[in-house]
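Numbering (our numbering), first residue to last: 3 to 93. Note sheet for the following structure.
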Amino acid sequence: MKVMPLEERVLVKVELTQEKTKSGIYLPDTAKEKTQQGEIVEVGTSEDFNKMGIKKGVKVIFAKYAGTEIKIDNEDYLILNKTDVLAKVEQ
3 MKVMPLEERV
13 LVKVELTQEK
23 TKSGIYLPDT
33 AKEKTQQGEI
43 VEVGTSEDFN
53 KMGIKKGVKV
63 IFAKYAGTEI
73 KIDNEDYLIL
83 NKTDVLAKVE
93 Q
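Pasting the structure below:
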């Protein structure tokens with residue numbers, strides 16, 4: 003399935019984090035904090051994204067409780083508004 007966000011929205015694949023305690027015990031999903039990083043998969047039609055440097059493949063940090071969670075082919079994604087994208091991650 004292909005999902006194309008509209009206007010000032012982006013589709014982000016949420017990064018999965020595997021958290022482990024200092025003693026080596028892995029935490030279950032229910033005990034983990036929600037991650038705030040992901041990779042842009044699709045970009046809406048707003049020209050502001052070009053100015054911001056937001057395009058496919060860019061890793062971003064987004065607001066903690068932002069967006070609409072969706073599942074596509076058993077993968078977790080978020081649809082975010084332009085204002086929910088806080089920063090780009092450069093490596």
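Cβ atoms here follow ideal geometry from the backbone N, Cα and C, with glycine treated the same way. Model, not experiment: these values are computed from the prediction.
**Report entry** Residue of K73, V45, I27, Y28 minimising C-alpha distance to V87
**Finding:** It is V45 whose Cα lies nearest to the Cα of V87.
Query - Run of the beta strand (DSSP E) containing K73, from where it starts to where it stops - result: Looking at the DSSP string, the run of the beta strand (DSSP E) that includes K73 is 70-74.
Query raised in the report: DSSP three-state call for K84: helix, strand or coil?
Result: Under the three-state reduction of DSSP output, K84 falls in the helix class.
Query - Sequence-distant residues of its chain with Cβ nearer than 7 Å to E9 (five each side left out) - result: Correct list, in chain order: G46, T47, S48.
Query raised in the report: What's the C-alpha gap between D78 and A89?
Result: Distance between the alpha carbons of D78 and A89 is about 20 Å.
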